[in-house]
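Enquirer: As given, the protein sequences belong to chains A, B, C and D, one line each in that order.
So for the first sequence, this note's numbering puts the first residue at 30; every next one is plus one.
So for the second sequence, this note's numbering puts the first residue at 30; every next one is plus one.
So for the third sequence, this note's numbering puts the first residue at 45; every next one is plus one.
So for the fourth sequence, this note's numbering puts the first residue at 45; every next one is plus one.
Ideal Cβ placement from N, Cα and C applies to all residues, glycine included.
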Amino acid sequence: MNAVGKIKPNARPFYQKYTASQLKDALRKMYLIRRFEEGAEEAYMRGLIHGTMHLSIGQEGSAVGATMALRNTDYITSTHRGHGHCIGKGADPKLMFAEFFGKEEGYCRGRGGSMHIADVSTGNLGANGIVGGGLPIAVGAALAIKKQKRDDVAMCFFGDGASNEGAFHEALNMASVWKLPVVFVCENNKYGMSVSTERSMAVANVADRAAAYAMPGVIVDGNAIADVEEAIAEAIARARRGEGPTLVECKTYRTRGHSRSDRNRYRTKEEIEEWKARDPIPHFEAELMAHGLATAAEVTAIRESAEAEIAAGIEFARLGTDPNPSEVTRDVYSNEAA
Amino acid sequence: MNAVGKIKPNARPFYQKYTASQLKDALRKMYLIRRFEEGAEEAYMRGLIHGTMHLSIGQEGSAVGATMALRNTDYITSTHRGHGHCIGKGADPKLMFAEFFGKEEGYCRGRGGSMHIADVSTGNLGANGIVGGGLPIAVGAALAIKKQKRDDVAMCFFGDGASNEGAFHEALNMASVWKLPVVFVCENNKYGMSVSTERSMAVANVADRAAAYAMPGVIVDGNAIADVEEAIAEAIARARRGEGPTLVECKTYRTRGHSRSDRNRYRTKEEIEEWKARDPIPHFEAELMAHGLATAAEVTAIRESAEAEIAAGIEFARLGTDPNPSEVTRDVYSNEAA
Amino acid sequence: MSVRELTYAQAIQEALAQAMDADPSVFLMGEDIGVYGGAFQVTGDLVHRYGEDRVMDAPISELGQAGVAVGAALAGCRPVLEFQFSDFATLAMEQIVNQAAKLRFMLGGKVNVPLVMRFPAGSGTGAAAQHSQSLDAWLAHVPGLKVIQPSTPADVKGMLLAAIDDPDPVMVFEHKLLYKMKGEVPEEPYRIPIGKAHVAREGRDVTVVATSIMVHKSLEAAATLASEGIDVEVIDLRTLRPIDTATIIDSVKKTSRLACVYEGVKTLGIGAEISARIAESEAFDYLDAPILRLGGAESPIPYNPELEKAAVPQVPGIIEGLRNLVRGRM
Amino acid sequence: MSVRELTYAQAIQEALAQAMDADPSVFLMGEDIGVYGGAFQVTGDLVHRYGEDRVMDAPISELGQAGVAVGAALAGCRPVLEFQFSDFATLAMEQIVNQAAKLRFMLGGKVNVPLVMRFPAGSGTGAAAQHSQSLDAWLAHVPGLKVIQPSTPADVKGMLLAAIDDPDPVMVFEHKLLYKMKGEVPEEPYRIPIGKAHVAREGRDVTVVATSIMVHKSLEAAATLASEGIDVEVIDLRTLRPIDTATIIDSVKKTSRLACVYEGVKTLGIGAEISARIAESEAFDYLDAPILRLGGAESPIPYNPELEKAAVPQVPGIIEGLRNLVRGRM
Ligand SMILES: Cc1ncc(C[n+]2csc(CCOP(=O)(O)OP(=O)(O)O)c2C)c(N)n1
Ligand SMILES: Cc1ncc(C[n+]2csc(CCOP(=O)(O)OP(=O)(O)O)c2C)c(N)n1
Ligand SMILES: [Mg+2]
Ligand SMILES: [Mg+2]
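1. For a minimum of 3 consecutive residues, which ranges assigned as the beta strand (DSSP E) are wholly contained in the stretch 197-251 of chain B?
2. Are the Cβ atoms of Phe313(A) and Met59(A) separated by less than 8 Å?
3. Rounded to a whole number of angstroms, what is the C-alpha to C-alpha distance between Ser271(C) and Lys353(C)?
4. Shorter than 7 Å, the distance from the beta carbon of Tyr104(A) to the closest heavy atom of ligand 2, or not?
5. Within 8 Å of any Cβ in chain B, is that where the Cβ of Tyr242(A) sits?
6. Quick one: Cα of Arg122(C) to Cα of Ala319(A), how far?
7. Look at the alpha carbon of Gly273(C) and the alpha carbon of Arg235(C), and state the distance between them as a whole number of angstroms.
8. So what does DSSP say about Met318(B), is it helix, strand or coil?
9. Which two residues bound the contiguous beta strand (DSSP E) that contains Glu277(D)?
10. Quick one: what's Leu125(C) bridged to in DSSP?
11. Can you say whether Ala333(D) is buried or exposed, counting buried as having 16 or more other CB atoms within 10 angstroms of its CB?
12. Counting beta carbon pairs with one atom in the stretch 181-197 of chain B and one in the stretch 95-109 of chain C, are three or more of them shorter than 8 Å?
13. DSSP state of His242(C), grouped into three classes?
14. State yes or no: is the beta carbon of Asp103(B) nearer than 8 Å to at least one beta carbon in chain C?
15. Answer with yes or no whether the minimum CB distance from Val112(D) to chain B is below 8 Å.
16. Does the Cβ of Ala253(B) lie closer than 7 Å to at least one heavy atom of ligand 2?
17. In three-state terms, what does DSSP make of Thr48(B)?
18. Any heavy atom of ligand 2 within a distance shorter than 7 Å of the CB on Leu135(C)?
19. Let's see if you can read the secondary structure: which residues bound the beta strand (DSSP E) around Cys304(D)?
20. Answer yes or no: the CB of Tyr220(A) versus the heavy atoms of ligand 3, is any distance below 7 Å?
21. Is the CB-CB distance between Ala173(D) and Ile345(D) below 8 Å?
22. In this structure, how does DSSP classify Ile105(B) when only helix, strand and coil are distinguished?
23. Looking at Gly158(B) and ligand 6, is the gap between the Cβ and the nearest heavy atom below 7 Å?
24. How would you call Val214(C), buried or exposed, if buried means at least 16 neighbouring beta carbons within 10 angstroms?
25. Quick one: which unbroken beta strand (DSSP E) runs of 3-plus residues sit fully inside the stretch 168-192 of chain A? Chain order, please.
26. Could you check which residue in Asn39(A), Arg57(A) and Gln51(A) has the C-alpha nearest to that of Ile339(A)?
27. For the alpha helix (DSSP H) that Cys115(A) lies in, which residues bound it at each end?
28. Does the Cβ-Cβ distance between Val168(A) and Val112(C) come in under 8 Å?
29. Quick one: grab the DSSP three-state call for His175(D).
30. Rounded to whole angstroms, how far is the Cβ of Gly162(B) from the Cβ of Asn142(D), which I believe are closer than 8 Å?
31. Residues in its own chain within less than 6 Å of Ala323(B) by CB, not counting five upstream and five downstream?
32. Taking 7 Å as the cut-off, is the CB of His145(A) close to at least one heavy atom of ligand 1?
33. Less than 8 Å between the beta carbons of Arg48(D) and Glu231(D), yes or no?
34. Is there at least one Cβ from chain A nearer than 8 Å to His175(D)'s Cβ?
35. With DSSP collapsed to three states, give me the class of Ala323(B).
36. Can you give me the C-alpha to C-alpha distance between Leu338(C) and Pro357(C), rounded to a whole angstrom?
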């Protein structure tokens, strides 16, 4: 599977185990996420989308890096900041846009919106409006995997803030006691809304908490996709071997505000700029080119194709079907008369 | 304050800092707890008390050792297995019995029973029927102490099983982030009801979890009152100095079943016998005598006086006043017409 | 189909065993349901018959357990979660209400969440305010959940089997004082549909809608009142969501009088909903008297046994209430 | 007393500031209530005026925060806890219901628990099923709690000040769509008693008992119906526990018709209790028509804006419902 002859001999595993086209596909996904969120933001500003949304711009490295080694039959549980996870796991942006526009074609038929985006067909069990809500759900999915004697895994995304919820503690403890195939992926973007990790927890790293569950705790640069992928791949392999869960902490940053109402009063412009300079996308592009795995022209083409897909996705969504307001109680139960 | 001339020169701090009469009082409290519970058990068997109760027989060392260095203005929050904490903190057994008998003279005027026994006048904010329920409450009491600029502490008792509740995680995290004067006292008696710590958590000790909150985690022999008291005294001092919380884990054992319905199917007779041999009361008696702090005759007198007090307490309780059933909604609110 | 006497607890256990026999995706989880046999000995020796993988003791983590049940259900299992006391649902409301109840809807019908949660509920055991609550009305308020409250051994077996079959989350409230109640129970597996009330006693003078243990207290009251010439119809509601309004309307049209008897706190307990449904229905015009509610006191459950009894409806109070309702003295 | 226009959010903020000015034991806690100013900008710049010790940002730990509030209240403080969304009460029900509500009772009256919890609630912001619930009925079911739901800036200031004074735990439900609503608010501190409903509009033909934002929708409907000759009395319930039944009974005796309008799920929402109270009261004999309930749909709140509107009562539906009730077409 190696893109033999193209990569430098001393390249790290990440560049060895994936083909050039797989790696370029990862870059494309990062662009899809970025442009998806920029497109969604613009649509929101123009009043085409209502509600709120949480952008993960700046965090694409962990979303794509974490999901690269997953199979379709593996599960993820995601968060309120979940667009990246969703696209990473294989969702189609146009059906995500349709959801944002509240259309029947959307992943949730317009019932869920950004905070409940899910693509069950690719194993995404859903974003979650409840901080920490997905943690025990992922453990339950992993328990099912174990009972069914599959070698799939459940990957659980959550934020630094979520690690202060009781659900975090209960979920990690059960996963470890029962040696379940879960990969806990903490995207530590330094803040839970406005509260920094320094003010919300007494340890320096979320991964420091792994010891309380006799679980490996690994810290990586979340803006370096290769770092993320390699650590996660090891955690996945461990899980598939039946050796239990791992907590991987990706240090990253959201360069946008928490949600639409954020005035960024809790952090400095300098900090934001500093992290913008560490944008995971140009970082990955540079690495791809340095390894001779992509040319500048290819990179441009990837970006443009992602942009075109996003533009088409928005058009698709706008032309979608509005739900019938008389169907408000549809799908509350499975066995109703639709 | 030393009982100079009586103790061996190389005696540990515990035997240095308390007078012989204080130490004998501690022994008396241990006997009061033991006999209180035996008396309650008997009353229950004879149908004089209804409901259920959780006996702490075998755990008197941690209850008395932990509460010895507390002041009246310090708080404790207690558990479903809370008779020892209550007596340790200074409650009057006859008013506890009155509660068990459901009488107006009882600490809770017959409304609470064993699971809600509390003596607010000595700083006991209450036993709790909810495993882990007292943890954040203790943190809140400590927050009030800090806001009021007092140098009191809040001591929080809880079990090994409770350390798997989300409330544990949230409480310890907040206490540490805010550097609050809390002493977390885990009485690890190896089981949460029928489930051993091996089956319910992935680490060997509850104290191993302290690191997740950047808090000292100390392990002591819970059946050795001196060990308990010395570790706790340090934790209390640290808390009073404003340096924040400590987690002290007392390894101990309940020799009775979890509650009245327990058939002890989850543990062996041998294990129970082994721990009975490590009974904290004779252990302390032997130490007191070895240090020349009490004679055998004094020890007997202490036991007999405790027994007499318990017997009198039961009599007091039996003759108490039954609540008026028409007053069922009394004290639901503060500002009602009583 | 052979029929034996079983206790309510045994009937539950038999349903659980038969469900596990029939479907390998069914498993049980909870606190001390393994070797301990459950706080109320409902699971008994099932762990020995089905192994620790299917009768799983969990750490004391109610929120986590509920979430694990949700995740396992999403991934193809049919978990049956036992809460040791229904009061501990307070720790798990997030997963029950925000996740289990809403996931299918939020995801546009793309998933279902086939789980069952069992809640030992109610007062009468001297366990005081944190171990004696009747919180069924909370869950009956939540769209996406089904809520049942079987009152007999035969019903609990049949309804629990139906609940385990059900593609949606079903909450089962079991009154602790019923566990030792005996009754005839068919041996083979059978289903009693969720959403159907049961007329436990026919009568002409007044309709009583009762739930759980209050069905038995109401039947006792009805027997006494019969000797006074008052003929009471007792409807066992059985399902609190969805409510079988039609059966109640039909009965009220016949009797012209309605009383609701339930153990939960009177205010906003299930009787409030029954009363409101009738007061807004076509049966309103048939009502000859105000609608009586006999519910729990507006207080937590006290420890003292006499206070505890005074906190929930008892037979003499039900008799008196119904007598006054029928005789027109309110 | 000088009076200005304030928004509902500003009125809350003023009440909080005045309470902190008057009593050093009052402090605020919650998520992002400090420098962020609160998710709905209710606390605004209070942290700058009162410091981080009195306007405390807490880790995302709702259960823990609620327990901290209980403990602090027991130890002599008067905490005011902001939940970011009322939906997250699902995580804290244990401390709210088992501890805060019951401690005084369980301890035989030996303590009180003077805390306030504030819950931004309701739909209409496109935030979907886990951020739009109206769970007020759950808490109104719980003895030991007081539950208020002020509908105007003036009311929320006065009732919140009364709540902070109160020796018992008070739950405050604030509809998110009200935060920007403006109204006249006196500048000085004042109290509006908990437990008193308010007749927001007098009328002869039908009584509407409404809560929170539904008070305004009902008043709007009443204005339209007035032009058709239907004279609607609108009662703003204001307090959900304890309920001011007397005011409602008096009104129904006058109008002979009752409708309840509320946003929570219809089944077991607050309207069920209002209906049941009237149906069991002396006012029953005055009723000329069934009791109408207009409540939320039996579904979670959907994301799509049109579906979202369809899930809760809107003015046209209220008009139609009341018209039919008065004209006898049900
Ligand atoms: C249980 C719960 N509490 C609070 C919130 C409100 N809220 C939404 S996101 C958020 C911050 C979460 O922080 P983190 O877990 O670090 O994720 P991030 O937003 O940084 O990606 C908060 C407080 C919520 N949705 N759920
Ligand atoms: C939230 C909650 N879950 C379950 C229970 C039932 N229960 C009471 S005590 C207990 C075991 C507690 O174990 P541990 O914390 O170790 O205390 P111990 O009984 O050993 O003293 C359980 C499961 C409860 N009271 N509260
Ligand atoms: Mg974060
Ligand atoms: Mg234990």
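Expert: Straight from the coordinates:
1. Listed in chain order, the beta strand (DSSP E) elements of length 3 or more contained wholly in the stretch 197-251 of chain B are 211-217 and 246-250.
2. With contacts defined as CB atoms closer than 8 Å, Phe313(A) and Met59(A) qualify as a contacting pair.
3. The straight-line gap from Cα to Cα measures roughly 25 Å.
4. No; taking the cut-off as 7 Å, the Cβ of Tyr104(A) has no heavy atom of ligand 2 nearer than that.
5. Yes - at least one Cβ of chain B is within 8 Å of the one on Tyr242(A).
6. Near 51 Å, if we compare the C-alpha coordinates of Ala319(A) and Arg122(C).
7. Their Cα atoms are separated by approximately 36 Å.
8. Three-state DSSP puts Met318(B) in a helix.
9. In the DSSP assignment, Glu277(D) falls within the unbroken beta strand (DSSP E) covering Val276 to Asp280.
10. DSSP lists Met73(C) and Met161(C) as partners of Leu125(C).
11. For Ala333(D), the number of other beta carbons within 10 angstroms of its own is at least 16, and it is reported as buried.
12. In this structure the stretch 95-109 of chain C lies against the stretch 181-197 of chain B, because at least three pairs of beta carbons, one per stretch, are closer than 8 Å.
13. Reduced to three states, the DSSP call for His242(C) is strand.
14. No, its Cβ sits nowhere closer than 8 Å to a Cβ of chain C.
15. Closer than 8 Å to the CB of Val112(D) there is at least one CB belonging to chain B.
16. No, the beta carbon of Ala253(B) sits no closer than 7 Å to any heavy atom of ligand 2.
17. For Thr48(B), the secondary structure class from DSSP, reduced to helix, strand or coil, is coil.
18. Yes; taking the cut-off as 7 Å, the Cβ of Leu135(C) has a heavy atom of ligand 2 nearer than that.
19. Element bounds for Cys304(D): Leu302 to Val309.
20. Placement of the Cβ of Tyr220(A) at a distance of less than 7 Å from at least one heavy atom of ligand 3 is found.
21. Taking the C-beta atoms as reference points, Ile345(D) is found nearer than 8 Å to Ala173(D).
22. In the three-state scheme derived from DSSP, where H, G and I count as helix and E and B as strand, Ile105(B) is classed as strand.
23. Because ligand 6 does not appear in the structure shown, any question about it cannot be addressed here, the ligands present being ligand 1, ligand 2, ligand 3 and ligand 4.
24. Buried, because 16 or more other Cβ atoms sit within 10 Å of the Cβ of Val214(C).
25. Annotation note: the stretch 168-192 of chain A contains the following uninterrupted beta strand (DSSP E) runs of length 3 or greater, listed N- to C-terminal: 183-188.
26. Nearest option by C-alpha distance: Arg57(A).
27. That run of the alpha helix (DSSP H) goes His112 to Lys118.
28. Cβ atoms of Val168(A) and Val112(C): closer than 8 Å.
29. The three-state reading of DSSP puts His175(D) in coil, since its state is none of H, G, I, E or B.
30. Going by Cβ atoms, the distance from Gly162(B) to Asn142(D) rounds to 7 Å, so yes, they are a contact pair.
31. The answer, listed in chain order, is Lys53 and Leu317.
32. Shortest gap from the CB of His145(A) to any heavy atom of ligand 1: 7 Å or more.
33. In this structure, Arg48(D) lies near Glu231(D), with their beta-carbon atoms less than 8 Å apart.
34. At a cut-off of 8 Å, the C-beta of His175(D) has a neighbouring C-beta in chain A.
35. Under the three-state reduction of DSSP, Ala323(B) is assigned to coil, being neither helix nor strand.
36. Cα-Cα distance, rounded: 6 Å.
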